[in-house]
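This report concerns only the one structure given below.
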Amino acid sequence: MSRKQWLLTSATAFACLVSTAAVAGPIENYSPVTSARLENPEPGNWMLYRRTYDGQGYSPLEQINASNVKSLTPVWTFSTGVIEGHEAPPIVNNGVMFVATPMGQVIALNAKTGDEYWRYKRQLPEDLFQLHPTSRGVGLWQDKLYLATTDDHVVALDAKSGKVVWDTKVQDYKKGQYMTLMPLVVDGKVIVGGSGGEFGVRGYVVAYDANNGKELWRTFTIPAPGEPGSETWSGDDWKTGGGSAWMTGNYDKDTKTVYWGVGNAAPWPGSAHAGDNLYTSSVLALDPDTGKIKTHFQYHQNDSWDWDEVEAPILVNLEREGRPFKALIHPGRDAIFWILEAKPEQINYVSGWPFVYTNVWKGIEKETGRPIVDPEHKPVLGKRVEFCPSLWGGKDWPSAAYSQKTKLVYVPANENFCGGFSGEKTPLVPGQLWLGTKPEDIGLTVRPGATHMGELQAWDPATGKKAWSHTFPKSQLFGSVLATAGDLVFAGGTNDRNFRAFDAKSGELLWEQKTNSGIMGMPMSYEVDGTQYIAIQSGWGVDAQRIQDALATQNVGVENNVPQGGVVWVFAVKK
0 MSRKQWLLTS
10 ATAFACLVST
20 AAVAGPIENY
30 SPVTSARLEN
40 PEPGNWMLYR
50 RTYDGQGYSP
60 LEQINASNVK
70 SLTPVWTFST
80 GVIEGHEAPP
90 IVNNGVMFVA
100 TPMGQVIALN
110 AKTGDEYWRY
120 KRQLPEDLFQ
130 LHPTSRGVGL
140 WQDKLYLATT
150 DDHVVALDAK
160 SGKVVWDTKV
170 QDYKKGQYMT
180 LMPLVVDGKV
190 IVGGSGGEFG
200 VRGYVVAYDA
210 NNGKELWRTF
220 TIPAPGEPGS
230 ETWSGDDWKT
240 GGGSAWMTGN
250 YDKDTKTVYW
260 GVGNAAPWPG
270 SAHAGDNLYT
280 SSVLALDPDT
290 GKIKTHFQYH
300 QNDSWDWDEV
310 EAPILVNLER
320 EGRPFKALIH
330 PGRDAIFWIL
340 EAKPEQINYV
350 SGWPFVYTNV
360 WKGIEKETGR
370 PIVDPEHKPV
380 LGKRVEFCPS
390 LWGGKDWPSA
400 AYSQKTKLVY
410 VPANENFCGG
420 FSGEKTPLVP
430 GQLWLGTKPE
440 DIGLTVRPGA
450 THMGELQAWD
460 PATGKKAWSH
470 TFPKSQLFGS
480 VLATAGDLVF
490 AGGTNDRNFR
500 AFDAKSGELL
510 WEQKTNSGIM
520 GMPMSYEVDG
530 TQYIAIQSGW
540 GVDAQRIQDA
550 LATQNVGVEN
560 NVPQGGVVWV
570 FAVKK
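For the sequence shown, numbering that gives the first Met the number 0 gives the first residue as 0, with consecutive numbering after it.
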């Protein structure tokens, strides 16, 4: 049994031993979460995936700043009791913290002290295969919180006690359907998207009534025959074409539009699904009340590289060449830094450029934004093809951040990684991987002469110029970024287990703290009783570990020795 198989099996077995909530003590004073609070969150709270609906990943708190961050110190830690990739941001509502972990667990904590209020543990099916055993957080609404599970349910919990209020099945996990994302809650609707693109599913985004779990609408990301976009598919490929929507969307409250990213086409080789394959590798603009697709933009066509573009674009009021407009900013897995213009019924291409090395694109069509592909580096059936970047892309799901102070976008990029595989026609078996290649045939290499792997980049979206970068010679960068009004950028994501703070203007490394494990989690900031805190989950696993496994087989000075185990770390400045 391989190390990865052991981790998956052990973690699943642990989850099956436990069930719903052990209660240490209910929360007595809990602040209901309303639309008004989500649309204009208090500076000291973090109640959405990236704190605000626009997805900027920016905290307006500035008590911790570039001049005092060297005094940042741990004030409490909390062990989650499970292994694998801890990817969720701690969610904080007026002093109460909710932490989602792998294995279907949610823990409610006192955000000031780390004391536990209650813990929910889902009893996962014994036959559940978890390709990505993780969770990216819980959504909040009124007196409930919402968890999307890897056995493909949405569960509503009472925020005060952790008790189940309702539990709705979304799809069938036995057919490869599962979820890892944090639900997006908009005006009493719990919106989620499914994973499973590697199992030959048809992707979707679905909304539920936050009060009772009743399905309100479901929008498939691949159109059926006769629907707009169906002409971009051949035959019955649309039925199994992928397009999973496994990351949380962003929301424009002014136009009442949800922006949702869509994943890769299936199986991977492009010749297995001829056509542009809408709406894979796209961003959808959805009506949150009906699920209607208002418009879309497809980042690249006929995806052949497993380049999901599932991270929703960051919404920013931008000015370029003297023209102000509402921008959608997306540093893509396809290695292109995309700047789009969001209009009520249209998304227009504005600009795009490679932010890491790529040999796949020859250029971008100026009027349409359509990338021009080099066929020598496009995987097809019956042939091995190498391409750069690797299938994990220039930036995978870990989120970039935008600072309202510096006006820069901070990108957790991976440079100098290449990949490849041999396209192979294989039968689709429900519930089994359907990649269009053998898993053992998937390659990851480091470009000859490369001086680094991970790279934290700062870009000016108004000019398209790189402001600064910090490189990591012996590690990937596989963790999200936080920007703050204190002129700081926080990031983990490296195999040395360090959590770091950088000067947001210059990129100077100002502070670092070694943690128990590697950090895939999303850093966030909150305030309780006048004290600002920085919080992060440490816990290496899933794709960060898979990259580590691949690098360890090469002579590049990287070892496969990152410890496992989830811990919540909370920091403040010494007074």
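Glycine included, every Cβ here is placed at the ideal spot set by N, Cα and C. On a predicted model such as this, the values are computed, not experimentally measured, just so you know.
C-alpha distance - Asn28 paired with Arg50, whole-angstrom precision: Cα-Cα distance, rounded: 22 angstroms.
Sequence-distant residues of the same chain with beta carbon closer than 6 angstroms to Ser229, five excluded per side: Once the five neighbours on either side are set aside, the close Cβ partners of Ser229 are Pro222.
Pairwise C-alpha distance: Glu344 and Glu558: C-alpha separation (whole angstroms): 50 angstroms.
Three-state secondary structure assigned by DSSP to Trp467: If DSSP states are grouped into helix, strand and coil, Trp467 belongs with the strands.
Separation of Phe336 from Asn358, as counted between CA atoms: Approximately 15 angstroms, taken between the alpha carbons.
C-alpha distance - Asp166 paired with Tyr172, whole-angstrom precision: Approximately 15 angstroms, taken between the alpha carbons.
Simplified DSSP assignment, three categories, for His85: The answer is coil: DSSP assigns His85 none of H, G, I, E or B.
Own chain residues within Cβ distance below 6 angstroms of Glu61, not counting five before or after: Around Glu61: Ala484, Gly485.
Same chain, Cβ closer than 6 angstroms to Ala99, five either side skipped, listed in chain order: Counting only Cβ-Cβ distances below 6 angstroms, and skipping sequence neighbours, we find Ala87, Val105, Ser134, Gly136, Val137.
C-alpha gap between Ser474 and Thr552, whole angstroms: Going by the C-alpha atoms only, they are around 14 angstroms apart.
Environment of Leu508 [buried if 16+ CB atoms lie within 10 Å]: By the neighbour-count rule (16 or more Cβ atoms within 10 Å), Leu508 is not buried but exposed.
Cutoff 6 angstroms; reference Val257; Cβ partners in own chain excluding five residues on either side: So the list reads Gly248, Tyr250, Leu285, Pro287, once near-sequence residues are dropped.
Ser66 (DSSP reduced to helix, strand or coil): Secondary structure of Ser66 (DSSP, three-state): coil.
Which of helix, strand or coil DSSP assigns to Gly260: Taken through DSSP and simplified to helix, strand or coil, Gly260 comes out as strand.
DSSP-derived helix/strand/coil call for Ser537: Strand, per DSSP.
DSSP state of Lys573 mapped onto helix, strand, coil: Of the three classes helix, strand and coil, the one that applies to Lys573 here is coil, per DSSP.
Outcome for Glu414 when other beta-carbon atoms lying within 10 angstroms are tallied against a minimum of 16: So Glu414 ends up on the buried side.
DSSP state of Arg545 mapped onto helix, strand, coil: DSSP places Arg545 in helix when its eight states are reduced to three.
Cβ shell of Pro182 (< 8 angstroms), same chain only, five flanking positions each side left out: Around Pro182: Val137, Gly138, Tyr145, Leu146, Ala147, Val153, Val189, Ile190, Val191, Thr247.
Distance CB(Val74)-CB(Val569) smaller than 7 angstroms: The beta carbons of Val74 and Val569 sit closer together than 7 angstroms.
Distance between Gly491 and Ser398 (C-alpha atoms, nearest Å): Going by the C-alpha atoms only, they are around 12 angstroms apart.
Complete runs of the beta strand (DSSP E) confined to the stretch 299-333 [at least 3 residues]: Counting only runs of at least 3 residues, the stretch 299-333 fully encloses the following beta strand (DSSP E) elements, listed from N- to C-terminal order: 313-319, 322-330.
Bridge partners - Asp157, DSSP secondary structure assignment: Note: Asp157 sits in a beta bridge opposite Lys143.
Backbone CA spacing between Ser1 and Ile82 [nearest angstrom]: A caution first: Ser1 carries a pLDDT of 40, below 50, which makes its placement in the model too unreliable to give a value.
Minimum C-alpha distance to Gly506 - residue among Ala457, Glu340, Asp305: Shortest Cα-Cα distance from Gly506 to any of Ala457, Glu340, Asp305 involves Ala457.
Whole runs of the beta strand (DSSP E) within the stretch 424-504, excluding any shorter than 3 residues: Within the stretch 424-504, complete beta strand (DSSP E) segments of at least 3 residues are found at 442-445, 453-459, 464-471, 480-483, 487-490, 497-502, given in chain order.
Meets three-Cβ-pair contact criterion under 8 angstroms: the stretch 519-536 and the stretch 422-431: Verdict: no, contact absent.
Nearest candidate by alpha-carbon position, reference Asn93, set Gly529, Leu550, Pro562: Nearest neighbour of Asn93 by Cα position, chosen from Gly529, Leu550, Pro562, turns out to be Gly529.
Distance CB(Asp151)-CB(Gln176) smaller than 7 angstroms: The answer is yes: Cβ separation under 7 angstroms.
Residue span of the alpha helix (DSSP H) that contains Ser194, given as start and end: If you look at Ser194, you'll find it isn't in any alpha helix (DSSP H); DSSP assigns it neither H nor E.
Residue environment, Ile371, which counts as buried when at least 16 other CB atoms sit within 10 Å: Ile371 should be labelled exposed.
Secondary structure of Asp208, DSSP reduced to three states: The answer is strand: DSSP assigns Asp208 an E or B state.
Burial state of Thr367 (16 or more Cβ within 10 Å): With fewer than 16 neighbouring CB atoms inside 10 Å of its own CB, Thr367 falls in the exposed class.
Whole-number beta carbon distance between Lys382 and Ser421, since they are thought to touch under 8 angstroms: That belief holds up - the Cβ atoms of Ser421 and Lys382 are roughly 7 angstroms apart, short of 8 angstroms.
CA-to-CA distance, Gln300 to Val349, given in whole angstroms: A direct Cα-Cα distance of roughly 18 angstroms separates Val349 from Gln300.
Beta-carbon proximity of Tyr207 to Gly161, cut-off 7 angstroms: Their beta carbons are not under 7 angstroms apart, which means Tyr207 does not touch Gly161 by this criterion.
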